[in-house]
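For any residue, its number in my numbering is found by taking its place in the sequence shown, counting from 1, and adding 16.
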Amino acid sequence: MGRVPARRIKITGISGSGKTTLARQLSVTLGVPWIELDALHHGPDWTPADPDDFRAEVLVLTDGPGWVVDGNYRTHLAGIIDDRVDLLVALDLPRPVVLVQLLARTLRRMATREELWNGNTERWRNLLCTDPEQNILLWAHVHFGAQRRRAREAERAWLSDRTGTPVVRLSSRAQTQRFVEHLAGL
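Spelled out as structure tokens, the structure:
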């Protein structure tokens, strides 16, 4: 058996579900570029990219024969990525798992002062803030149910609009690891 036929893969999931980690792994495993939508969308001081510029950049980056893209941005990028994807991977982990992963990631980023994109870093004061729009952990907790519902609705719409394009829903870290190992073995 040859390489996996999927060469244009979109990974979706709520913040902290492991999209970027999985995208990095699949990029290396499949030997295709990794496109991180957050890196394209967030300018200095977390300023959102101009919508037209964002769409244009994504259009150029997804023009190739193979790539792995991680991120949601369904409303921003309607018709650009989805029309080119040959595999959708939906990370649908339980809330406690996502929140623990998100807490660990956030603490690591703050402790190491890791630069995310365009000089942006996660700040201690945001983690202490009670406003979910400033605190990623509160945001994920508050919006988890709505995000999951929207993701499942998008998945159903995806399946009805794109017959023949598979969707893989991964609902645990172990399942995700087995998926990566499966692709690596092809």
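Glycine included, C-beta positions come from ideal geometry on N, C-alpha and C. Remember, it's a predicted structure, so these values are computed and weren't measured experimentally.
Residue of the options minimising C-alpha distance to residue i
i: Arg178; options: Leu199, Thr122 and Leu104; result: Leu104
i: Glu52; options: Pro81, Arg166, Glu197 and Leu132; result: Leu132
i: Leu123; options: Leu186, Gly32, Ala173 and Arg40; result: Gly32
i: Pro64; options: Arg100, Asn134 and Ser43; result: Asn134
i: Trp174; options: Gly59, Asp99 and Pro60; result: Asp99
i: Ile96; options: Asp66, Trp83, Pro182 and Leu75; result: Leu75
i: Arg172; options: Leu46, Ala106 and Pro81; result: Ala106
i: Ala183; options: Arg40, Glu130 and Val101; result: Checking the sequence, you will find Val at residue 183 rather than Ala. Ranking the options by Cα distance to Val183, first place goes to Val101.
i: Leu206; options: Leu119, Ala167 and Arg129; result: The question about residue 206 has no answer here: the residues shown for the chain are numbered 17 through 202.
Local Cβ density within 10 Å of residue i, reported as buried at 16 or more and exposed below that
i: Arg71; result: buried
i: Thr28; result: buried
i: Thr36; result: buried
i: Thr78; result: buried
i: Leu202; result: exposed
i: His198; result: exposed
i: Ala200; result: exposed
i: Gln193; result: exposed
i: Ala190; result: exposed
i: Leu56; result: buried
i: Pro66; result: Checking the sequence, you will find Asp at residue 66 rather than Pro. So Asp66 counts as exposed.
Residues sharing a beta bridge with residue i, DSSP
i: Thr37; result: Looking at the DSSP assignment, Thr37 forms no beta bridge with any residue, so it has no partner.
i: Val44; result: In DSSP, Val44 forms no bridge with anything.
i: Trp50; result: Val84
i: Thr122; result: BP columns for Thr122 are empty, so no partner.
i: Val74; result: None, per the DSSP bridge assignment.
i: Ile27; result: Asp86 and Val105
i: Pro64; result: His58
Per-residue DSSP class, three states only, for residue i
i: Glu138; result: coil
i: Pro112; result: helix
i: Ala94; result: coil
i: Trp155; result: helix
i: Trp133; result: coil
i: Arg185; result: strand
Cβ separation of residue i and residue j, assumed to be a contact under 8 angstroms, to the nearest whole Å
i: Gly82; j: Arg40; result: Not confirmed; about 15 angstroms, so no contact.
Below-7 angstroms beta-carbon distance, residue i vs any chain B residue
i: Asn134; result: No chain B appears in this structure, which consists of one protein chain only.
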